[in-house]
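Protein chains in written order, with our numbering: chain A, 1 to 238; chain B, 239 to 362.
Here it is in structure tokens:
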């Protein structure tokens, strides 16, 4: 498919036949752009439906958790950690395809004790370590550091990077989990709410953001081609 | 067509403007971030009945214009309605703004700025 930039500046057609041919090409391109636009629009609407579904489930679980602990107060802003650091961040990639759009994906951040961060893409590394909680150094070097950590066997990236460091420098603290703002023993419903919101964030929310961005891009192209069609039609008319 | 990398290379956080339950839920997912002192900045704003429009506008402007580390701004649709002019006129590529439903206000496509743009394009 020809890009829009190839259409400008418009050629000065010599006769009506050339104008009509050019006009047909432009109309074909416009059709193709509308097709893409409608596909992205469908993605956006579908993603919004899923967001509504996932967030409703999360709100329901949160309401249940609040109902269960009425004597304790709401699970809300009174308990937020004022020094929290994001364990989920956006990774922006530049696509190489013709659309040249930017994508956004969630990356999970691993924080070591020195405060430096390592990023992994979604699902690649779910491990997080707590920088503020200093573990007491063991009297003898730990024989197997991996055994002390709540780590998945298929997520060794950060561990490999830390291998040259002596064992006391490697964190054995718990993962930084916002659930801990609300205490150690939190109701099952709050975990369920966390799960619903996490799923919404990693799935439909990002789909909607990406579809919205794509819509904006195609929209600009449609406007450009429409303008070119109008100019060409004017040229054909004169 | 493609944006320069400098336009988005430092953008890594999600920001949220919403009611207490929405913000709590989104923060539970692990996106909450407070920058280091002395100039600590949160990437969320809890809006309640006492929050005035100027505060919401200030947070929206901060997330979309001042801060260069925000990639996505999530805003409850009923709160976006309070600053509708600003949300609808926002046209920058980064950060992306997405309107989301809240507990008491389901998503309404007629109010969504993305869908408004779609209708405008169809109507042209």
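From the three backbone atoms N, C-alpha and C, an ideal C-beta is built for every residue, glycine too.
For residue i, which of the options has the nearest alpha-carbon?
{"i": "residue 248 of chain A", "options": "A:187, A:207, A:230, A:228", "result": "Here chain A has residues from 1 to 238 only, and residue 248 of chain A is not among them."}
{"i": "residue 90 of chain A", "options": "A:233, A:202, A:236", "result": "A:202"}
{"i": "residue 306 of chain B", "options": "B:351, B:273, B:260, B:267", "result": "B:273"}
{"i": "residue 320 of chain B", "options": "B:351, B:334, B:310, B:331", "result": "B:351"}
{"i": "residue 280 of chain B", "options": "A:80, A:29, A:25", "result": "A:80"}
{"i": "residue 182 of chain A", "options": "A:54, A:19, A:76", "result": "A:76"}
{"i": "residue 199 of chain A", "options": "B:269, B:248, B:357", "result": "B:269"}
{"i": "residue 87 of chain A", "options": "A:41, A:29, A:23, A:177", "result": "A:177"}
{"i": "residue 257 of chain B", "options": "B:278, B:341, B:354, B:300", "result": "B:341"}
{"i": "residue 275 of chain B", "options": "A:60, A:85, A:92", "result": "A:85"}
{"i": "residue 179 of chain A", "options": "B:250, B:249, B:262, B:325", "result": "B:262"}
{"i": "residue 338 of chain B", "options": "B:295, B:250, B:259", "result": "B:259"}
{"i": "residue 210 of chain A", "options": "B:311, B:315, B:287", "result": "B:311"}
{"i": "residue 250 of chain B", "options": "A:226, A:220, A:212, A:92", "result": "A:92"}
{"i": "residue 328 of chain B", "options": "B:356, B:343, B:303, B:358", "result": "B:303"}
{"i": "residue 355 of chain B", "options": "B:325, B:343, B:345", "result": "B:325"}
{"i": "residue 361 of chain B", "options": "A:71, A:78, A:226", "result": "A:226"}
{"i": "residue 191 of chain A", "options": "A:106, A:27, A:60, A:42", "result": "A:60"}
{"i": "residue 359 of chain B", "options": "A:220, A:17, A:16", "result": "A:220"}
{"i": "residue 323 of chain B", "options": "B:357, B:289, B:349, B:244", "result": "B:349"}
{"i": "residue 330 of chain B", "options": "B:290, B:299, B:288", "result": "B:299"}
{"i": "residue 82 of chain A", "options": "B:244, B:277, B:271", "result": "B:271"}
So, for residue i: in the same chain, excluding its five sequence neighbours on each side, which residues have a beta-carbon less than 6 Å away from its beta-carbon?
{"i": "residue 58 of chain A", "result": "193, 196, 197"}
{"i": "residue 194 of chain B", "result": "Missing from the structure shown is residue 194 of chain B; chain B here goes from 239 to 362 and no further."}
{"i": "residue 20 of chain A", "result": "none"}
{"i": "residue 336 of chain B", "result": "312"}
{"i": "residue 30 of chain A", "result": "225"}
Please state whether DSSP places residue i in a helix, a strand or coil.
{"i": "residue 298 of chain B", "result": "helix"}
{"i": "residue 334 of chain B", "result": "strand"}
{"i": "residue 264 of chain B", "result": "helix"}
{"i": "residue 352 of chain B", "result": "helix"}
{"i": "residue 86 of chain A", "result": "coil"}
{"i": "residue 281 of chain B", "result": "coil"}
{"i": "residue 305 of chain B", "result": "coil"}
{"i": "residue 316 of chain B", "result": "helix"}
{"i": "residue 184 of chain A", "result": "coil"}
{"i": "residue 188 of chain B", "result": "Within the shown structure, residues of chain B are numbered from 239 to 362, placing residue 188 of chain B beyond reach of any answer."}
{"i": "residue 191 of chain A", "result": "helix"}
{"i": "residue 93 of chain A", "result": "strand"}
{"i": "residue 165 of chain A", "result": "Per-residue confidence for residue 165 of chain A stands at a pLDDT of 41, beneath the threshold of 50, marking its modelled position as unreliable; no derived number is given."}
So, under 8 Å CB-CB, residue i and residue j are touching, yes? Tell me the CB distance rounded to an integer number of Å.
{"i": "residue 255 of chain B", "j": "residue 317 of chain B", "result": "6 Å"}
{"i": "residue 189 of chain A", "j": "residue 65 of chain A", "result": "4 Å"}
{"i": "residue 309 of chain B", "j": "residue 252 of chain B", "result": "7 Å"}
{"i": "residue 94 of chain A", "j": "residue 214 of chain A", "result": "Contact doesn't hold; Cβ gap of about 14 Å is too wide."}
{"i": "residue 184 of chain A", "j": "residue 34 of chain A", "result": "Residue 184 of chain A to residue 34 of chain A, Cβ: 55 Å. No contact."}
{"i": "residue 344 of chain B", "j": "residue 353 of chain B", "result": "The pair is not a contact, with the Cβ atoms about 14 Å apart (cut-off 8 Å)."}
{"i": "residue 247 of chain A", "j": "residue 334 of chain B", "result": "Outside the shown range of chain A, which is 1 to 238, sits residue 247 of chain A, and nothing can be said about it."}
Within 7 Å: the Cβ of residue i and any heavy atom of the ligand PLP?
{"i": "residue 347 of chain B", "result": "In terms of ligand content, the structure shown is empty, and the ligand PLP therefore cannot be addressed."}
To which residues of the same chain is residue i closer than 7 Å at the C-beta, ignoring the five residues directly before and after it?
{"i": "residue 297 of chain B", "result": "255, 283"}
{"i": "residue 208 of chain A", "result": "44, 47, 48, 51"}
{"i": "residue 36 of chain A", "result": "218"}
With respect to the alpha helix (DSSP H) encompassing residue i, which residues constitute its N-terminal and C-terminal limits?
{"i": "residue 193 of chain B", "result": "No answer is possible for residue 193 of chain B: it lies beyond the span of chain B, which begins at 239 and ends at 362."}
{"i": "residue 225 of chain A", "result": "206-237"}
{"i": "residue 58 of chain A", "result": "16-68"}
{"i": "residue 322 of chain B", "result": "322-327"}
Who are the Cβ neighbours of residue i in its own chain at under 8 Å, not counting the five residues just before and after it?
{"i": "residue 205 of chain A", "result": "47, 51"}
{"i": "residue 23 of chain A", "result": "229, 232, 233, 236"}
{"i": "residue 55 of chain A", "result": "196, 197, 200"}
{"i": "residue 294 of chain B", "result": "255, 283, 285, 317, 320, 321"}
{"i": "residue 68 of chain A", "result": "187, 189"}
{"i": "residue 27 of chain A", "result": "229"}
{"i": "residue 16 of chain A", "result": "236"}
{"i": "residue 315 of chain B", "result": "337, 338, 339, 340, 343, 345, 346, 349, 350"}
Listing by chain order, which chain C residues have their CB less than 9 Å from the CB of residue i?
{"i": "residue 251 of chain B", "result": "Absence of chain C from the displayed structure is noted, the protein chains being A and B."}
Quick one: give me the first and last residue of the beta strand (DSSP E) that residue i is part of.
{"i": "residue 256 of chain B", "result": "251-256"}
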